[in-house]
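Position 217, counted from 1, in the sequence shown is what the numbering used here calls 773; the numbers after and before it change by one each time, with no gaps.
Beta carbons: idealized from backbone N, C-alpha and C, even for Gly.
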Amino acid sequence: MVTVNRTEALITGFPGFLGSALLKRVLARGDAPVACLVQPQYLETARQRAQEIIAGIDRVDGDAVRLYEGDITEPDLGLGDESLEDVRELYHLAAVYDLAVDRDLAEAVNVRGTEHVLEFADDRDVDRFHYVSTCYVSGRYDGVFTEDHLQEGQTFNNHYEETKYRAEVAVQNRMDAGLPTTIYRPAIVVGDSQTGETNKYDGPYYLLRLLLAQPEWLSVTFTLPGSSDAELNVVPRDYVVDAIAYLSAREETVGEVYQLCDPTPLPIPRFVDVLAEAAGHRTVTLPTTKPIARTVSSRLSSSLPLESATLDYLDHPTRYACPKTLQALERSGLEVPAFESYVDRLVAYVLENPAVGDEPMV
Numbered sequence: 557m558v559t560v561n562r563t564e565a566l567i568t569g570f571p572g573f574l575g576s577a578l579l580k581r582v583l584a585r586g587d588a589p590v591a592c593l594v595q596p597q598y599l600e601t602a603r604q605r606a607q608e609i610i611a612g613i614d615r616v617d618g619d620a621v622r623l624y625e626g627d628i629t630e631p632d633l634g635l636g637d638e639s640l641e642d643v644r645e646l647y648h649l650a651a652v653y654d655l656a657v658d659r660d661l662a663e664a665v666n667v668r669g670t671e672h673v674l675e676f677a678d679d680r681d682v683d684r685f686h687y688v689s690t691c692y693v694s695g696r697y698d699g700v701f702t703e704d705h706l707q708e709g710q711t712f713n714n715h716y717e718e719t720k721y722r723a724e725v726a727v728q729n730r731m732d733a734g735l736p737t738t739i740y741r742p743a744i745v746v747g748d749s750q751t752g753e754t755n756k757y758d759g760p761y762y763l764l765r766l767l768l769a770q771p772e773w774l775s776v777t778f779t780l781p782g783s784s785d786a787e788l789n790v791v792p793r794d795y796v797v798d799a800i801a802y803l804s805a806r807e808e809t810v811g812e813v814y815q816l817c818d819p820t821p822l823p824i825p826r827f828v829d830v831l832a833e834a835a836g837h838r839t840v841t842l843p844t845t846k847p848i849a850r851t852v853s854s855r856l857s858s859s860l861p862l863e864s865a866t867l868d869y870l871d872h873p874t875r876y877a878c879p880k881t882l883q884a885l886e887r888s889g890l891e892v893p894a895f896e897s898y899v900d901r902l903v904a905y906v907l908e909n910p911a912v913g914d915e916p917m918v
């Protein structure tokens, strides 16, 4: 395997869910020291998490992680006197991961923030730029969306999708202009397939928590007219960060886009059934329309764990394929585990950790 020479890496999005896991992988493969850009309000959390990560890795000392206060919404990342001129590799994970995000916030973080990070990378002439996008730059593309797709005239479900799309367009433009870049597009990321751990109950977790809020002997779910033809493409956190760690260490992945999705996802009705079976709930499914479902979810949101933005994914027309990813990971031993193989761990984690919320780190 050809690896890339590194002196110091910078990670944005720490101590977030994916950023924390990726830091652990990067340190474990010997790429230290690693700088982490941390918003001031999360600095103490970042210190604690960094200490926990370092303590769990052999032959890594306390100087392996260097925390820098900053903010991607500010020019030069708000670093002040900390120029970080020796950064050779940059992992950009920081974003607002929230389907109901306000337009102005999504614009500030996902679009302008990414532009600031790109300028930082250009100014320091980094050897590698790694950008974590999302499969849902597809918007409501009607068909199979692969790594070769991006600007397809698609419409979008929400501001999150649209701003992540515009951010990736900016990244691809810089990549085409010569910035050595690799882009990773995860599908919907859920908890760790081994432990169930997650830091945020959103997306598919709304469906699970809706079930758990009802009696086990009879729980009501609903289906939309397009649900039977739609798929819910979810991947566990450990697969995503393992794939990024593997692909980012290879020189031949420069200039490529990789979709980290499930090549054989479950249709929506089967996905809901699998969730219900894991939770031990008997269900009855009621057909309804999206306007009615949206009205009901809005009225019940104060008493039940509902987010109306999730409804758009119950009749989502896009299917995701990842031929480049499958080829690149062919000899790695990495593959997406079947949802049925780890759903019990996701459910157990939710039951054991009811205090976890659905608020994004901003």
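Would DSSP call residue i helix, strand or coil?
{"i": "proline 893", "result": "coil"}
{"i": "asparagine 561", "result": "In this predicted model, asparagine 561 has a pLDDT of only 40, less than 50, meaning its place in the structure is not dependable enough to derive any value."}
{"i": "phenylalanine 701", "result": "strand"}
{"i": "arginine 644", "result": "coil"}
{"i": "tyrosine 721", "result": "helix"}
{"i": "arginine 826", "result": "helix"}
{"i": "isoleucine 926", "result": "In the structure as shown, the chain begins at 557 and stops at 918. Residue 926 is therefore absent and cannot be evaluated."}
{"i": "threonine 754", "result": "coil"}
{"i": "leucine 583", "result": "helix"}
{"i": "leucine 623", "result": "strand"}
{"i": "proline 910", "result": "coil"}
{"i": "isoleucine 567", "result": "strand"}
{"i": "leucine 600", "result": "At residue 600 the sequence reads glutamate, which differs from the leucine that was named. Of the three classes helix, strand and coil, the one that applies to glutamate 600 here is helix, per DSSP."}
{"i": "glutamate 630", "result": "coil"}
{"i": "alanine 726", "result": "helix"}
{"i": "threonine 845", "result": "coil"}
{"i": "threonine 866", "result": "helix"}
{"i": "leucine 788", "result": "strand"}
{"i": "valine 852", "result": "helix"}
{"i": "valine 616", "result": "coil"}
{"i": "valine 745", "result": "strand"}
{"i": "valine 899", "result": "helix"}
Could you spell out where the beta strand (DSSP E) holding residue i opens and where it closes?
{"i": "serine 775", "result": "775-779"}
{"i": "leucine 593", "result": "590-594"}
Taking the alpha carbon of residue i as the point to measure from, which residue in the options has its own alpha carbon closest?
{"i": "leucine 890", "options": "Trp773, Tyr795 and Ala677", "result": "Tyr795"}
{"i": "threonine 515", "options": "Leu780, Pro823 and Ser749", "result": "This structure gives no information on residue 515, because the portion of the chain shown stretches from 557 to 918."}
{"i": "aspartate 748", "options": "Val582, Val594, Glu915 and Pro893", "result": "Pro893"}
{"i": "lysine 846", "options": "Gly734, Leu870 and Ala656", "result": "Leu870"}
{"i": "leucine 831", "options": "Pro843, Ile848 and Leu788", "result": "Leu788"}
{"i": "alanine 733", "options": "Gly811, Ile800 and Tyr653", "result": "Gly811"}
{"i": "threonine 839", "options": "Asp654, Leu767, Ile848 and Gly626", "result": "Leu767"}
{"i": "leucine 633", "options": "Arg680, Val906 and Gly618", "result": "Arg680"}
{"i": "leucine 933", "options": "Tyr653, Glu625 and Asp654", "result": "Because the chain in this structure spans residues 557 to 918, residue 933 falls outside the shown range and cannot be described."}
{"i": "isoleucine 739", "options": "Glu708, Asp704, Val899 and Phe712", "result": "Asp704"}
{"i": "leucine 501", "options": "Asp798, Glu675, Val590 and Arg901", "result": "As displayed, the chain neither begins before 557 nor continues past 918, which places residue 501 out of reach and without an answer."}
{"i": "proline 916", "options": "Ser854, Met731 and Phe573", "result": "Phe573"}
{"i": "glutamate 807", "options": "Phe685, Phe778 and Cys592", "result": "Phe685"}
{"i": "asparagine 909", "options": "Thr751, Arg730, Leu774 and Leu646", "result": "Thr751"}
Have a look at the DSSP bridge pairing and note the partners of residue i.
{"i": "tyrosine 740", "result": "Val688 and Tyr814"}
{"i": "threonine 874", "result": "Gly699"}
{"i": "threonine 839", "result": "Ser775"}
CB residue i to CB residue j, shorter than 8 Å?
{"i": "histidine 715", "j": "tyrosine 687", "result": "no"}
{"i": "threonine 881", "j": "tyrosine 697", "result": "no"}
{"i": "glycine 695", "j": "glutamate 717", "result": "yes"}
{"i": "alanine 602", "j": "leucine 623", "result": "yes"}
{"i": "leucine 706", "j": "valine 727", "result": "no"}
{"i": "isoleucine 628", "j": "valine 673", "result": "yes"}
{"i": "arginine 644", "j": "aspartate 683", "result": "yes"}
{"i": "leucine 661", "j": "threonine 866", "result": "no"}
{"i": "proline 792", "j": "tyrosine 898", "result": "yes"}
{"i": "lysine 720", "j": "asparagine 666", "result": "yes"}
{"i": "leucine 579", "j": "phenylalanine 570", "result": "yes"}
{"i": "glutamate 663", "j": "serine 689", "result": "no"}
{"i": "valine 912", "j": "tyrosine 757", "result": "yes"}
{"i": "phenylalanine 712", "j": "tyrosine 876", "result": "no"}
Where do the N-terminal and C-terminal ends of the alpha helix (DSSP H) with residue i fall, by residue?
{"i": "proline 879", "result": "879-884"}
{"i": "arginine 659", "result": "659-662"}
{"i": "leucine 767", "result": "760-768"}
{"i": "valine 796", "result": "793-804"}
{"i": "alanine 677", "result": "669-679"}
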